[in-house]
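Numbering (our numbering), first residue to last: 1 to 223. Each residue gets a CB set at the ideal place from its N, CA and C atoms; glycine is no exception. Being a predicted model, the structure only gives us computed values, none of them experimental. Report on one structure; see the data block that follows.
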């Protein structure tokens, strides 16, 4: 099975369609930020699961009134719930959406306690192959465009608690990756309109992921 992972479209859905044409995946994953409510419509987004199955989490630039309505052709929700694990062709895919904050003042804010609770629920459900988050684990694939670290400790703790084979994230708009000594990997997809995606070749035993650049960009992928 070929999986394409995108992130941080910010309304540039054409870039996602271009990547789909290029890589022809069996499943599309998204780490959030499809676009603000004034940038994308329900019809715009519904065109994606009409083409192939989609699983997404949400970020801080998403139409949160629309995403829960979207369905794949088999009737399954496109949006992964907070702390939900979904199995696709033998792969277990989990999600924790939102960005870190100290309060719930905005609907896309998640606190340390929220993330810890979602991570614990995921870990109790069993092994996870792919974890989707919008925010990034501190110190792992979390460099900002200025070169500073932009991840949060709560997402690092979630990574340690869940222990996924592959952790995909976004938010920082810099494509980068980190491979741990035990083989686990964290890949920050960057911003797909800048030409970066993750392509995964997978079956029950194999999970091979790589950052791909399908559009020219001035920003170098960081390894």
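Query: Secondary structure at residue 69, three-state DSSP: helix, strand or coil?; Result: helix
Query: Under the assumption that residue 134 contacts residue 59 (Cβ atoms under 8 angstroms), give the Cβ distance between them as a whole number of angstroms.; Result: 4 angstroms
Query: As a quick exercise: from 107, 30, 119, pick the residue whose alpha carbon is nearest that of residue 96.; Result: 119
Query: Taking buried to mean at least 16 other C-beta atoms within 10 Å of its own C-beta, is residue 196 buried or exposed?; Result: buried
Query: List the residues that DSSP assigns as beta-bridge partners of residue 2.; Result: 201
Query: Does the segment 194-213 come close enough to the segment 39-53 that 3 or more CB-CB pairs lie under 8 angstroms?; Result: no
Query: For residue 123, name the three-state secondary structure that DSSP assigns.; Result: helix
Query: Quick test of your reading: residue 107 and residue 73, contact by CB under 8 angstroms. State the CB separation rounded to the nearest angstrom.; Result: Not a contact, Cβ separation roughly 28 angstroms.
Query: Can you list, in chain order, the residues of its chain whose CB lies under 7 angstroms from that of residue 12, leaving out five sequence neighbours each side?; Result: 193
Query: Is DSSP giving residue 20 helix, strand or coil here?; Result: helix
Query: Write down the C-beta distance between residue 92 and residue 126 rounded to the nearest angstrom, noting that I regard them as a contact closer than 8 angstroms.; Result: 7 angstroms
Query: Alpha helix (DSSP H) containing residue 153: first to last residue?; Result: 153-162
Query: Determine the burial state of residue 235: buried for a count of at least 16 other Cβ atoms within 10 Å of its Cβ, exposed for fewer.; Result: This structure cannot speak to residue 235, because the chain is shown only from 1 to 223.
Query: Exposed or buried, what is residue 173 when buried is set at 16 or more other beta-carbons lying within 10 Å of its beta-carbon?; Result: buried
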